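*Asks:* To start, I am sharing the structure in question, which I have written as structure tokens.
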Amino acid sequence: MPDDELPSHYERLRRQAEHQLRRGVQPRLHDAAVAEDLSYELQVYRVELDLQQETLQLTATELEVEREHYQALYEHAPVAYFSLDPQGEIVDVNLAGLKLLQFQRRQLLLRRFSQFIVPPQRGAFAALLHEGSSASPHLFTVTRWNGEQVEVQLQVFTLPGITPERTQCLLTLTDITPLVQAQAQLAQLNVTLEDRVTEGTRHLRELNVRLHHQALHDYLTGLPNRAGFAEELQRALVYLRQDQQAFAVLFCDIDRFKAINDALGHSGGDEVLIELSRRLQAVTRPTDQIARLGGDEFAMLLHDVTDLPMVSAVIARLEAAVQAPCSVAGHELYLNLSTGVLLVNEGYEQPEEIMRDVDLALYQAKQAGRAMSRVFQPAMRDVSKDRLGLEAQLHHVLEREELVVHYQPVVSLATRQVVGLEALVRWQHPQRGLLLPEAFIPLAEEHHLVGAIDRWVLQEVGRQVARWQRQRRGTQKLWMNVNVSAQDLTQVAAVTAHLRALAFPAPWQVMVELTERVLMHRTDADPSALEGLRQAQVQLVVDDFGMGFSSLSRLHRLPVSVLKVDRSFVAALEEDIELVRAMVSMGRALGMVMVAEGIETEAQYHRLVEIGVEAGQGWLFAPALPADQVNAYLPHSRKRRRSIDRP
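Per this note's numbering, the sequence shown starts with residue 192, numbered consecutively.
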């Protein structure tokens, strides 16, 4: 029988057999042809079953190989995979998932994945699971084994099962923490850039506010004194009324003369004053009068000077003459003048009125910074009255609780981690807003209020340190530099004794920060000053290092731990790099920590690291901040620590 007729033949035989069985007819097994056909059919079916079994076995093997292939892809995929059952429990996880959460596989299986989502986001995660597959990833924060939090992109895929109970959910997680950190750093960079632009002028003023002048005597120069200059003014007023002969009056102060006088001694300061008087006379006409009013203040009476261009020409000649190097006691000095200008025509009756107004102009010039000049304006009288009002209000600043303390982080330049803070007092004036120390500390010194302000600052810093320590419970040692306005080492010793009595909690190391000027005061005549410092056991920080001429032997005798390179050197780092390098070498040779102030750029930062400066502070890292904004910068804080690293 042909092969193509076999199926129909078998079907016909099957139908006959089924028909006979339904009729109750027993098979005719004696019919040899039928028996042979049935036997053959059974053999065919048997072969078919064997072939099907082989095919099924081959398919099962191929499926197992393919399953192992996909399992390997799942296990070694760079993206974290988590398979969840309908209850949200983890039934499988790949190696990337284990690495992301930093758990072992047995620690994750059958645990609800939602417990690794930070609590505020668990509701959103549950809603996402309920919705099923998501078209796009969502941002979540997950918690690792060690408590560290990482930002991830999470996407949900539903994997249908044979029954609803066997349906699974596949989560894919991608760690985007580096991207989030980079975005935060970029945002901080933009904020810092904007702050630099808006605060540039203020920084320049801070750099230049160091006007120290000491009163000397008229006999030194042979120039007219204040009384003699008043007589010249009286005669000039007479000429003005008679002949309409206008004139100009200039008051000049040497910028930072007190620092020069302190560094070189009175004899050196006298040499500077004599040299300046010579230069002033060299650039003025014989008909002009020059006087020394006292200390480092000089006055000039310029006849027939009727407008500002003529005054500007005189000031230009003065600046050119004064800024030439001045060699005194083996030191090369560069001098600058602050100048007040008054054009006198009508409206003045007495010399005292003229000197009052030109003195106001000089005051405004000094407030503006070094090497500045200001022309008198009537509105300056109101400014003077305002200053008197500020002096009166300063007497009540403590009882009215208007002082606040801001803190600027000090950063290790090696790690860019915060190693300390500098406490800086501010006056929250009810009308004028937040005032910086230079706006009221000089007034407090004049009225003998600075001691009470220093004590208040120390107590407030002590209270704040205690609060921070309770919050952070860290063990890393931190500096707390407290600025004091003491005028000499005896006062510093008294302040440090008060500081020691406050008992700051460990691991805080509180240090007193003072200017290099204080070190210029001789302590040999009062040995109790040095002894007081030693007994107080409080370390000193020398601020503005390099702006004076510190005695190395005196530095070595004092309990000085830190030297701060003045911000003016940091601002001109490329020009003064060798000078700063020498200062750093000298400080480190004395066993002192070198700190740089006013770091504003990455270039300055890298240069300072290169020459061996250990720590620094400035707008590159953080400005002076209110206490409630500082906690995020402290190591081991309970709050998430704010990064100050730069790209």
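The beta-carbon is built from N, C-alpha and C at its ideal position, and this holds for glycine as well. Computed from a predicted structure; not experimentally measured.
Which runs of the alpha helix (DSSP H) fall wholly inside the segment 324-371 and span at least 4 residues, in chain order?
*Replies:* Entirely contained in the segment 324-371, not one alpha helix (DSSP H) run reaches 4 residues.
*Asks:* Go ahead and label His597 buried or exposed: buried means 16 or more other beta carbons lie within 10 angstroms of its beta carbon, across all protein chains shown.
*Replies:* By the neighbour-count rule (16 or more Cβ atoms within 10 Å), His597 is buried.
*Asks:* Alpha carbon to alpha carbon, what distance is there between Leu781 and Arg798?
*Replies:* If you take the alpha carbons of Arg798 and Leu781, they lie about 22 angstroms apart.
*Asks:* Between which two residues does the beta strand (DSSP E) carrying Glu805 extend?
*Replies:* First-last for Glu805: undefined, no H or E at that position.
*Asks:* If you run the structure through DSSP and keep just helix, strand and coil, what is Tyr539?
*Replies:* Tyr539 falls in the coil class under three-state DSSP.
*Asks:* CB-CB under 6 angstroms to Leu553, same chain, minus the five flanking residues each way: which ones, in chain order?
*Replies:* So the qualifying residues of the chain are Phe442 and Gly531.
*Asks:* Hey, quick one: how far does the alpha helix (DSSP H) through Asn452 stretch, first residue to last?
*Replies:* Phe448 to Val474 is the span of the alpha helix (DSSP H), which, as asked, contains Asn452.
*Asks:* Find out if the Cβ-Cβ distance for the pair Asp767, Phe736 is shorter than 8 angstroms.
*Replies:* Their beta carbons are not under 8 angstroms apart, which means Asp767 does not touch Phe736 by this criterion.
*Asks:* Looking at the unbroken beta strand (DSSP E) that takes in Lys755, where does it start and where does it end?
*Replies:* Counting along the chain, the beta strand (DSSP E) containing Lys755 begins and ends at Val751 to Val756.
*Asks:* Give me, in chain order, the residues of the same chain whose beta-carbon lies closer than 7 angstroms to that of Ala806; leave out the 5 immediate sequence neighbours on both sides.
*Replies:* Same-chain partners within the cutoff: Val601, Val602, Ser603, Leu604, Val610, Val784 and Val786.
*Asks:* Can you tell me which of Met501, Asp276, Arg214 and Ala473 puts its alpha carbon nearest to the alpha carbon of Leu350?
*Replies:* It is Asp276.
*Asks:* Just the Cα atoms here: how many angstroms apart are Val804 and Ala437?
*Replies:* Roughly 57 angstroms separates the two Cα atoms.
*Asks:* According to DSSP, is His797 part of a helix, a strand, or is it coil?
*Replies:* Looking at His797 - three-state DSSP - the assignment turns out to be helix.
*Asks:* Return no unless some Cβ of chain B is closer than 8 angstroms to the Cβ of Leu361.
*Replies:* Of the chains in the structure shown, none is chain B; there is only one protein chain.
*Asks:* List the endpoints of the continuous beta strand (DSSP E) containing Gly624.
*Replies:* Residues Gly624 to Leu626.
*Asks:* Hey, quick one: how far does the beta strand (DSSP E) through Leu492 stretch, first residue to last?
*Replies:* Taken as a continuous stretch (DSSP letters only), the beta strand (DSSP E) holding Leu492 covers Glu488 to His494.
*Asks:* Between Gln820 and Asn416, what straight-line distance do the alpha-carbon atoms span, to the nearest angstrom?
*Replies:* Roughly 54 angstroms separates the two Cα atoms.
*Asks:* How many angstroms separate the CA atom of Trp647 from the CA atom of Pro696?
*Replies:* Going from the Cα of Trp647 to the Cα of Pro696 covers about 18 angstroms.
*Asks:* Among Leu254, Gly288 and Glu253, whose alpha-carbon lies nearest the alpha-carbon of Ala268?
*Replies:* Out of Leu254, Gly288 and Glu253, Gly288 has the C-alpha closest to the C-alpha of Ala268.
*Asks:* Given a threshold of 16 other Cβ atoms within 10 Å of its Cβ, counted over all protein chains shown, does Trp336 qualify as buried or as exposed?
*Replies:* Trp336 is exposed by the Cβ-count criterion.
*Asks:* Determine the closest residue to Glu466 out of Arg617, Gly413 and Leu492, with distance taken between C-alpha atoms.
*Replies:* Closest by alpha carbon: Gly413.
*Asks:* Just the Cα atoms here: how many angstroms apart are Gln795 and Arg661?
*Replies:* Straight-line Cα distance between these residues: approximately 36 angstroms.
*Asks:* My guess is that Phe348 and Ser324 are in contact by the Cβ rule of under 8 angstroms, so how many angstroms apart are they, rounded?
*Replies:* With a Cβ gap of about 5 angstroms, Phe348 and Ser324 count as contacting.
*Asks:* By the DSSP assignment, the beta strand (DSSP E) with Ala787 in it spans what residues?
*Replies:* That run of the beta strand (DSSP E) goes Val784 to Ala787.
*Asks:* With distances taken Cα to Cα, identify the nearest neighbour of Val923 among Glu801, Pro698 and Pro750.
*Replies:* Residue 923 lies beyond the range of the chain shown here (192 to 838); nothing can be said about it.
*Asks:* At the level of alpha carbons, what is the spacing between Thr606 and Lys668?
*Replies:* If I take the Cα positions, the gap works out to 15 angstroms.
*Asks:* Express the C-alpha separation of Ser468 and Leu407 in angstroms, rounding to a whole number.
*Replies:* Low local confidence applies: a pLDDT of 37 at Leu407 is under 50, so the model's placement there is unreliable, with the coordinate-based value given in what follows. Distance between the alpha carbons of Leu407 and Ser468 is about 13 angstroms.
*Asks:* Spatial neighbours of Val513 within its chain, please: C-beta separation below 8 angstroms, excluding the five flanking residues on both sides.
*Replies:* Contacts found: Leu467, Arg470, Leu526, Asn527 and Leu528.
*Asks:* Is it true that the segment 419-439 meets the segment 491-504, where meeting means three or more beta-carbon pairs spaced less than 8 angstroms apart?
*Replies:* Touching, per the Cβ criterion.
*Asks:* Would you identify the three-state DSSP class for Arg148, choosing helix, strand or coil?
*Replies:* What is shown of the chain runs 192 to 838, which leaves residue 148 out entirely.
*Asks:* Distance check for Gln374 and Glu793, CA to CA, integer angstroms please.
*Replies:* Taking the straight line joining both Cα atoms gives about 18 angstroms.
*Asks:* Tell me where the alpha helix (DSSP H) around Arg417 begins and ends.
*Replies:* Start and end: Arg417 to Asp434.
*Asks:* Among Gln541, Ile451, Arg547 and Arg476, whose alpha-carbon lies nearest the alpha-carbon of Ala520?
*Replies:* Nearest of Gln541, Ile451, Arg547 and Arg476 to Ala520, Cα basis: Ile451.
*Asks:* Under three-state DSSP, which class holds Gln700?
*Replies:* Three-state DSSP puts Gln700 in a strand.
*Asks:* Please classify Met702 as buried or exposed, where buried requires at least 16 neighbouring CB atoms within 10 angstroms.
*Replies:* So Met702 ends up on the buried side.
*Asks:* Is there contact between the segment 481-489 and the segment 417-424, where contact requires at least three CB pairs shorter than 8 angstroms?
*Replies:* Judged by Cβ distances under 8 angstroms, the segment 481-489 makes contact with the segment 417-424, as three or more pairs qualify.
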